[in-house]
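Only one structure is covered here, and it is reproduced in the block below.
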Amino acid sequence: MIHLLKEVGRGKRGARDLSYEEAIQAAESILGLQASPAQIGAFLMAERIKMESVEELQAFVKTARKAAHRHPMQGGIDCAAPYDGRKSSFIASIATAFILAAAGLPVTLHGAAALPPKWGVTLSDVFMSAGIHAKALQRDSCIQAAEKTGVLYVHAEEWCPPLKQLRPIREELGMRTVLNTVEKLIDYSSSPFLSFGVFHNTVFDRMTRLMEQLGYQQSMIIQGSEGSDELYIHRPTRTCRMEHGQAVLQMIDPEAFGLDTPVPEREWSAPLQAETTDAVLRGEADMAFIHQVLLNGGVRLHLAGRVLSIEEGIYTCKAVLESGEPYKLYTTWLKMLKKEPQAV
């Protein structure tokens, strides 16, 4: 590990990218905890300063996938948002997932307890506020709920143990590392479609080249709300879609679909996120949040090839939401996961 650390840690001018084979060695040392905490922390910071290459990211993703429990069951879309959570915006992906599932497109969501740098409200926080005990989010329970409803939630640190083991180091560093990207690309259910959130459009080129290497049928990189893969409803969102090996940049403007809506200010907590999700699926929330879910659902249906246009996707999601089926799936999903965990 020391010789690899020297290569990436020579400073801004002297550092070099690792070859794919070298990056595999580094990833195995870090994810296998063969390197010391000091070496791991130093490597993560050196990579942050240097900026990870496509080959390095690919190597870390491949190694993390090998270390993870993966269950190729869904054949749908993987929604990859930052694991550091949200502070100032509605998490639309939960309600969107159940609309998509009701429309016949399975969805995989994944996350963990709050992480740096944001330390925001996470999916797990929302689910616990909805009444699900943390211990109920075990693999078998979540797989059973997915088989019944089409929505799989992956608690990443249970499915990929190295992420749990590395948490103390990440918390001490308190900032973004290569793991913030890698954990979103483990692809727990072997999904052919991916929506991937980023904070800065400067990473579009690297990420599109990485998506091509990872072999998704279709993927979209979205510079969304708080770095998520969710499109804004009050202004255009910058996206980049991979189509047949080509990167296609696109600004998606809600105004073009008659959905642009001012977003009411909220002090977002986990209970409020859960309440708003429930209200959206009942069709009783503020229209800004309903419109946001419809737009995101329409874009994801189009990405997965289930509709011919985003507009058709929006109309499809609207009809599905009005049918009441997404709310039925959501209540079924909650009921299955609210069961008291069995004593071991």
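Each residue of the sequence shown is one higher than the one before, starting from 1 at the first, in UniProt numbering. Think of the CB as a built atom: it goes at the ideal place given N, C-alpha and C, for glycine as much as any other residue.
- If you check the CB distance, residue 259 and residue 295 come in under 8 Å.
- Counting only runs that start and end inside the segment 85 to 125, the beta strand (DSSP E) elements of at least 3 residues fall at 107 to 111.
- Leaving aside the five residues that flank residue 298 on each side, the residues in its chain whose CB is nearer than 6 Å to its CB run, in chain order, 310, 313, 314, 317.
- Here DSSP, grouped into helix, strand and coil, assigns residue 79 to strand.
- Nearest to residue 28 by C-alpha distance, out of 67, 11, 8, 54, is 67.
- Under the three-state reduction of DSSP, residue 138 is assigned to coil, being neither helix nor strand.
- Contact annotation, residue 291 with residue 233: C-beta distance approximately 5 Å; criterion of less than 8 Å satisfied.
- In the DSSP annotation of this structure, the continuous segment of the alpha helix (DSSP H) that includes residue 60 starts and ends at 54 to 67.
- Judged by their CB atoms, residue 108 and residue 85 are not nearer to each other than the 8 Å cut-off.
- Between residue 26 and residue 33, the CB-CB gap reaches or exceeds 8 Å.
- In the structure shown, the three-state DSSP call for residue 252 is strand.
- In this structure, the CA atom of residue 285 is about 26 Å from the CA atom of residue 119.
- Three or more Cβ pairs closer than 8 Å define a contact, and the segment 112 to 129 meets that threshold against the segment 259 to 273.
- In the displayed model, residue 132 falls within coil according to three-state DSSP, outside both helix and strand.
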